[in-house]
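These notes concern the structure reproduced below.
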Amino acid sequence: KQEVTQIPAALSVPEGENLVLNCSFTDSAIYNLQWFRQDPGKGLTSLLLIQSSQREQTSGRLNASLDKSSGRSTLYIAASQPGDSATYLCAVRRGSSNTGKLIFGQGTTLQVKP
Amino acid sequence: DAGVIQSPRHEVTEMGQEVTLRCKPISGHDYLFWYRQTMMRGLELLIYFNNNVPIDDSGMPEDRFSAKMPNASFSTLKIQPSEPRDSAVYFCASSRSQETQYFGPGTRLLVL
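Each protein sequence line maps, in turn, to chains A and B. The first sequence: position 60 = 60 (our numbering), numbered continuously. The second sequence: position 56 = 1056 (our numbering), numbered continuously.
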């Protein structure tokens, strides 16, 4: 059974700091991995999607890496801003095709202090 | 595009009542997903549809839960009868060919 774990559960940093959020999964047989952002009282917004054959994806100040063999992904946020404060969730798609379910981690709640 | 639309945004009901949650996916998307989010269990997939056909409902917790998608632009999730442990935020999401999923704002359900 695929399990997704995110550590830490919560993180508070001063503005401008670079930070790393961690995601681990127990079954390396994944199709892809996604990072989402969730603001309080809102739905999820997709940030980055990494296919199983890729090592990383970048979007602006965000960089996500994937090490499938070790069952790990990281989300790197450069020069953090108060507007980055949100909960970040990673999700893996099981299996060898795009028909597998997304399995979500519990999320890391980030607070960036001005 | 207006994105995924869910209604109602908030629902408060009493135990035993029927609850119907509604979702309008993004036009042109062929996949629709219903999720439930709680503090204890996080985000869980309940059921998903492809071209209006239910593909996997293994996440539906009990027979009290049912979901339908009568056409490409509308889906419902029904709970009958509702129980306090059903209190959660229910999200609908849609995607094109199972790639990036776009989430609605959610329905906050409180069953008293």
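Ideal Cβ positions, reconstructed from N, Cα and C, are used throughout, including at glycine.
Check                                                                                                                         : Outcome
Start and end residues, beta strand (DSSP E) containing B:Gly1042                                                             : 1042–1050
Three-way DSSP call (helix, strand, coil) for B:Pro1105 in this model                                                         : coil
Residues that B:Ser1066 bridges to, as DSSP identifies them                                                                   : B:Lys1078
Under the three-state DSSP convention, the category A:Asp67 falls into                                                        : strand
Chain B contact residues for A:Leu115, given Cβ-Cβ distances below 7 Å                                                        : There is simply no residue 115 of chain A to check, as chain A begins at 1 and stops at 114 in what is shown.
Separation of B:Gln1006 from A:Ser80, as counted between CA atoms                                                             : 32 Å
Neighbour-count burial assignment, A:Arg55, 16 or more Cβ in a 10 Å radius                                                    : exposed
Any C-beta of chain A under 8 Å from that of B:Gly1081                                                                        : First, the amino acid is wrong: residue 1081 of chain B is Pro here, not Gly. So no, B:Pro1081 is outside the interface.
Candidates A:Gly41, A:Trp35, A:Thr58, of which the one nearest A:Gly105 by Cα                                                 : A:Trp35
Residue range of the beta strand (DSSP E) that includes B:Thr1020                                                             : 1019–1024
Beta-carbon contacts of A:Cys23 that lie in its chain and below 6 Å, excluding the five residues immediately before and after : Gln6, Ser73, Cys90, Gly105
Integer-rounded CB distance, given that B:Val1004 should sit under 8 Å from B:Gln1110                                         : Reading the sequence as shown, one finds Leu at residue 1110 of chain B and not Gln. Not confirmed; about 22 Å, so no contact.
Interface residues of chain A facing B:Thr1100 [CB-CB closer than 9 Å]                                                        : Gln34, Ser46, Leu49
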